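A.B. asks:
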Amino acid sequence: MNLQAPKGMNDILPDEIGRWHRLEAAFRSTVELFGYSELRTPLVEPTQLFVRSIGEATDIVEKEMFTFDRGDESLTLRPEGTAGAARAYVEHAVHGREPLTRWYYLGPMFRAERPQKGRYRQFYQAGCEVYGDAGPAVDAEMIDMLVRWLERLGVSDVTVHLNSLGAGGTRERYRAALVEHLAPREASLGDDSRRRLVTNPLRILDSKDPRDVAACEGAPSILDVLDDADRAHFAEVRRLLDRLGTPYVVDGRLVRGLDYYTRTLFEIRATGGELGAQNALLGGGRYDRMIGELGGPEVPCIGFAMGLERVLLAMPREPLAAVPTVFVAPLGDRGLAEGMVLARELRELGVRTELDGRRGSMKSMLRRASSLGASLVAIVGDGEVDRAVVSVKDLAAHAQADVPRADAARTIAGQLASKGAPGGA
Ligand code: HAM
Numbered sequence: 000m001n002l003q004a005p006k007g008m009n010d011i012l013p014d015e016i017g018r019w020h021r022l023e024a025a026f027r028s029t030v031e032l033f034g035y036s037e038l039r040t041p042l043v044e045p046t047q048l049f050v051r052s053i054g055e056a057t058d059i060v061e062k063e064m065f066t067f068d069r070g071d072e073s074l075t076l077r078p079e080g081t082a083g084a085a086r087a088y089v090e091h092a093v094h095g096r097e098p099l100t101r102w103y104y105l106g107p108m109f110r111a112e113r114p115q116k117g118r119y120r121q122f123y124q125a126g127c128e129v130y131g132d133a134g135p136a137v138d139a140e141m142i143d144m145l146v147r148w149l150e151r152l153g154v155s156d157v158t159v160h161l162n163s164l165g166a167g168g169t170r171e172r173y174r175a176a177l178v179e180h181l182a183p184r185e186a187s188l189g190d191d192s193r194r195r196l197v198t199n200p201l202r203i204l205d206s207k208d209p210r211d212v213a214a215c216e217g218a219p220s221i222l223d224v225l226d227d228a229d230r231a232h233f234a235e236v237r238r239l240l241d242r243l244g245t246p247y248v249v250d251g252r253l254v255r256g257l258d259y260y261t262r263t264l265f266e267i268r269a270t271g272g273e274l275g276a277q278n279a280l281l282g283g284g285r286y287d288r289m290i291g292e293l294g295g296p297e298v299p300c301i302g303f304a305m306g307l308e309r310v311l312l313a314m315p316r317e318p319l320a321a322v323p324t325v326f327v328a329p330l331g332d333r334g335l336a337e338g339m340v341l342a343r344e345l346r347e348l349g350v351r352t353e354l355d356g357r358r359g360s361m362k363s364m365l366r367r368a369s370s371l372g373a374s375l376v377a378i379v380g381d382g383e384v385d386r387a388v389v390s391v392k393d394l395a396a397h398a399q400a401d402v403p404r405a406d407a408a409r410t411i412a413g414q415l416a417s418k419g420a421p422g423g424a
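Numbers 0 to 424, taken from numbering that gives the first Met the number 0, label the letters of the sequence shown in order.
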């Protein structure tokens, strides 16, 4: 039997996990500075939640959901985090407790897409959602936060694409105008787009098929059909971004693959690092209708989500700082027991300690210690136990000396710290 991880789903092995931890910690600390608190929702939700919020005629709902039945319930592995967060917001009547809510989340999402570099079937998103602020200041603040954060991570060549889809009837008006432009060109559209002309014509603007790109040439821009309030909102987002010194390009063709957006819509792309064709690091926007449509009151919302794999591909690879480690090498029965006590004492002092309990030779233990990159080896044999000492070997300095057993843990922690290592006492 050849058992492998499912297609498009990856193991993250320990030699990669340090970068993940650093990225996740940087995300948490930044968004917490802005007042966001963490939300954790189930990995599965009722299928209808995604159908109703993301939209029936989207790629995600039409062909990418991992859906299964459990009893008479249809469940789906979450393809994104916004719908589940909104469901939780309504279910817990959060609007009744606070007028403004800022949540963030981090975790795996699932979409049955064709896998390629930067596009997976299980991928990790970090995202934020704000409920109860109609903007436009929060729209600009969010985009500015993201651009500065990406710059601090060393992600180069970041471009913000910005659009407005309007509220109220704008989208419907635009849909009609776009269909009017595309209908006479129907025969030249790709198969998917011909179907989309009826189900979801705005998505045709996002198509990369050269036939569709050609057909869209000269199409009206949604920015031309915004009503006065939409226009004022969009102008204010741009004025604030200008004042913050955060560059963006207005991209009237930006639609994105989810149907819930209203007004401000953005996507941040990068060209640096190891990113290939999948260059959208994150996407977001306003979705002022979703809470009402899910049975809650009318609460305006805005949010974004970033793909952590893509951010990692775009970030420079910094060398990993080795965590200072003490290796305990026990010999003999009493040495093993004493070594285990010493290892426990060291860990209680916050020192990362590995004990080799396999009862191998000193030579093999020293080999393991050096391949681990351990700074110090604490040798505890029956002889050391008899003399009430621990023999401490400094691998880099090729030096070895006995230290009294009674305060050996503290002494070793001190030696580790004096080698410039954190995690000492
Ligand atoms: P989205 O554009 O579908 O938006 O996904 C956001 C980000 O998740 C993308 O820019 C990309 O970095 C990453 N991503 C999406 N699909 C994949 C995949 N198959 N493999 C790897 N990374 C992927 C949303 O999900 C919205 N919920 C964002 C949002 C939050 N809007 C408002 N609030």
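Note that CB positions come from ideal geometry on N, CA and C, so glycine has one too. These figures come from a predicted structure and were not determined experimentally.
(1) Buried or exposed: where does P45 fall if 16 or more other Cβ atoms within 10 Å of its Cβ makes it buried?
(2) If I'm right that H232 touches P315 with Cβ under 8 Å, what's the distance once you round it to whole angstroms?
(3) Can you check which of these residues, A4, K6, G17, N1, is closest to E317 by C-alpha distance?
(4) Is F122 near ligand 1, in the sense that its beta carbon is under 6 Å from a heavy atom of that ligand?
(5) Could you compute how far the alpha carbon of P403 sits from the alpha carbon of V391?
(6) Looking only at DSSP bridge pairs, what is I301 linked to?
(7) List the endpoints of the continuous beta strand (DSSP E) containing P107.
(8) Closer than 6 Å: is that where the CB of G54 sits relative to any heavy atom of ligand 1?
(9) Within this structure, are the beta carbons of V379 and P329 separated by less than 7 Å?
(10) Span of the alpha helix (DSSP H) holding Q47?
(11) Bridge partners for F326 per DSSP, in chain order?
(12) Heavy atom of ligand 1 less than 6 Å from the Cβ of A304, yes or no?
(13) Thinking A304 and E23 are a contact (beta carbons under 8 Å), I'd like their distance in whole angstroms, please.
(14) Do R202 and G189 come within 7 Å of each other at the CB atom, strictly closer than that value?
(15) Going along the chain, which residues of its own chain have a beta-carbon closer than 6 Å to the beta-carbon of R118, five neighbours each way excluded?
(16) I11: buried (16+ other C-beta within 10 angstroms of its C-beta) or exposed?
(17) Nearest to M301 by alpha carbon, out of A395, R366, V137, G382?
(18) Where are the alpha helix (DSSP H) runs, 4 residues long or more, that stay fully inside the segment 132-182, in chain order?
(19) Taking the alpha-carbon positions, what's the R309 to N199 distance?
(20) In terms of DSSP beta bridges, what is R268 paired with?
(21) Would you call L32 buried or exposed, if buried means 16 or more other Cβ atoms sit within 10 Å of its Cβ?
(22) In three-state DSSP terms, what is Y260?
(23) Starting from R425 and walking both ways along the alpha helix (DSSP H), at which residues does that stretch end?
(24) Cα-Cα, which of G7, T324, D393 is closest to A373?
(25) Starting from the C-beta of M8, find all residues in its chain whose C-beta is less than 8 Å away, skip the five residues before and the five after it, and write them out in chain order.
(26) I need the boundaries of the alpha helix (DSSP H) containing V93, first residue and last residue.
(27) Using DSSP bridges, identify the partner residues of S36.
(28) Is R110 near ligand 1 - that is, is its Cβ less than 6 Å away from at least one heavy atom of it?
(29) Looking at A387: is its Cβ nearer than 7 Å to the Cβ of L348?
(30) Looking at A133: is its Cβ nearer than 7 Å to the Cβ of P5?
(31) Do the CB positions of Y247 and V159 come within less than 7 Å of each other?
(32) Is it buried or exposed, S52, if we count other Cβ atoms within 10 angstroms and call 16 or more buried?
(33) Taking the beta carbon of F67 as the centre, do at least 16 other beta carbons fall within 10 Å, making it buried, or is it exposed?
(34) Quick one: Cα of A228 to Cα of N162, how far?
(35) Whose C-alpha, out of R409, G295, V178, is nearest the C-alpha of G95?
C.D. replies: Reading off the structure:
(1) If you number the sequence shown from 1, residue 45 lands on position 46. Exposed: under 16 other Cβ atoms inside 10 Å.
(2) Within the sequence shown, the letter at position 233 stands for residue 232. Within the sequence shown, the letter at position 316 stands for residue 315. Actually they do not touch by this definition, with Cβ atoms about 37 Å apart.
(3) Start at 1 with the first residue of the sequence shown, and residue 317 comes out as number 318. When only C-alpha atoms are compared, the closest one is G17.
(4) Here residue 122 corresponds to residue number 123 of the sequence shown, with the count starting at 1. Indeed, a heavy atom of ligand 1 lies less than 6 Å from the Cβ.
(5) By 1-based counting over the sequence shown, the position of residue 403 is 404. By 1-based counting over the sequence shown, the position of residue 391 is 392. Going by the C-alpha atoms only, they are around 10 Å apart.
(6) Within the sequence shown, numbered from 1, the residue matching residue 301 stands at position 302. Answer is V129, R285.
(7) Within the sequence shown, the letter at position 108 stands for residue 107. Looking at the DSSP string, the run of the beta strand (DSSP E) that includes P107 is 100-109.
(8) For the purposes of this step, residue 54 is taken as residue 55 along the sequence shown, with counting starting at 1. G54: no, Cβ never under 6 Å from ligand 1.
(9) Stepping through the sequence shown from its first residue, residue 379 is reached at position 380. Stepping through the sequence shown from its first residue, residue 329 is reached at position 330. It is a contact, given that the beta carbons lie within the stated cut-off.
(10) Here the question's residue 47 lines up with position 48 in the sequence shown. Start and end: 46-53.
(11) Indexing the sequence shown from 1 puts residue 326 at position 327. Paired residues: E353, V376.
(12) For the purposes of this step, residue 304 is taken as the residue at position 305 of the sequence shown. Yes - ligand 1 has a heavy atom lying nearer than 6 Å to the Cβ of A304.
(13) The residue given as residue 304 occupies position 305 in the sequence shown. The residue given as residue 23 occupies position 24 in the sequence shown. That pair is no contact at about 14 Å.
(14) Position 190 of the sequence shown holds residue 189. Position 203 of the sequence shown holds residue 202. Result no, Cβ atoms of G189 and R202 do not sit closer than 7 Å.
(15) As a first step, residue 118 is located in the sequence shown; it is residue number 119 there, counting from the start. If we look at R118 and ignore the five residues flanking it on each side, its Cβ neighbours are E112, Q277.
(16) Against the sequence shown, residue 11 aligns to sequence position 12. Exposed.
(17) Against the sequence shown, residue 301 aligns to sequence position 302. What sits at residue 301 in the sequence shown is Ile, not Met. Among A395, R366, V137, G382, the Cα nearest to that of I301 belongs to V137.
(18) 136-151, 169-181
(19) Counting from 1 along the sequence shown, the entry for residue 309 is found at position 310. Counting from 1 along the sequence shown, the entry for residue 199 is found at position 200. Approximately 28 Å between the Cα atoms of the pair.
(20) Working through the sequence shown from its first residue, we reach residue 268 at position 269. DSSP output for R268 lists T158, A279 as bridge partner(s).
(21) Residue mapping note: residue 32 aligns to position 33 of the sequence shown, counting from 1. When all chains shown are included, L32 counts as exposed.
(22) Taking the first residue of the sequence shown as position 1, residue 260 is located at position 261. Coil, per DSSP.
(23) Nothing about residue 425 can be read from this structure; the chain reaches only from 0 to 424.
(24) Against the sequence shown, residue 373 aligns to sequence position 374. A373 has its Cα closest to that of T324, out of G7, T324, D393.
(25) Start at 1 with the first residue of the sequence shown, and residue 8 comes out as number 9. Closer than 8 Å at the Cβ level, and outside the excluded window around M8, lie Y119, R120, Q121.
(26) By 1-based counting over the sequence shown, the position of residue 93 is 94. Here V93 belongs to no alpha helix (DSSP H), and DSSP marks it neither H nor E.
(27) What you label residue 36 is simply residue 37 of the sequence shown in a count that begins at 1. Bridge partners of S36: W102.
(28) In the sequence shown, counting from the first residue as 1, residue 110 sits at position 111. R110 Cβ: within cutoff of ligand 1.
(29) On the sequence shown, residue 387 is found 388 positions in, with the first residue counted as 1. On the sequence shown, residue 348 is found 349 positions in, with the first residue counted as 1. No, they are not a contact pair.
(30) Within the sequence shown, numbered from 1, the residue matching residue 133 stands at position 134. Within the sequence shown, numbered from 1, the residue matching residue 5 stands at position 6. No; because the gap between Cβ atoms is not below 7 Å, this pair is not in contact.
(31) What you label residue 247 is simply residue 248 of the sequence shown in a count that begins at 1. What you label residue 159 is simply residue 160 of the sequence shown in a count that begins at 1. Yes.
(32) One-based indexing of the sequence shown puts residue 52 at position 53. Classification for S52: buried.
(33) As a first step, residue 67 must be located in the sequence shown, where it is residue number 68. Label assigned to F67: exposed.
(34) What you label residue 228 is simply residue 229 of the sequence shown in a count that begins at 1. What you label residue 162 is simply residue 163 of the sequence shown in a count that begins at 1. The straight-line gap from Cα to Cα measures roughly 15 Å.
(35) Residue mapping note: residue 95 aligns to position 96 of the sequence shown, counting from 1. Of R409, G295, V178, the residue nearest in Cα terms is G295.
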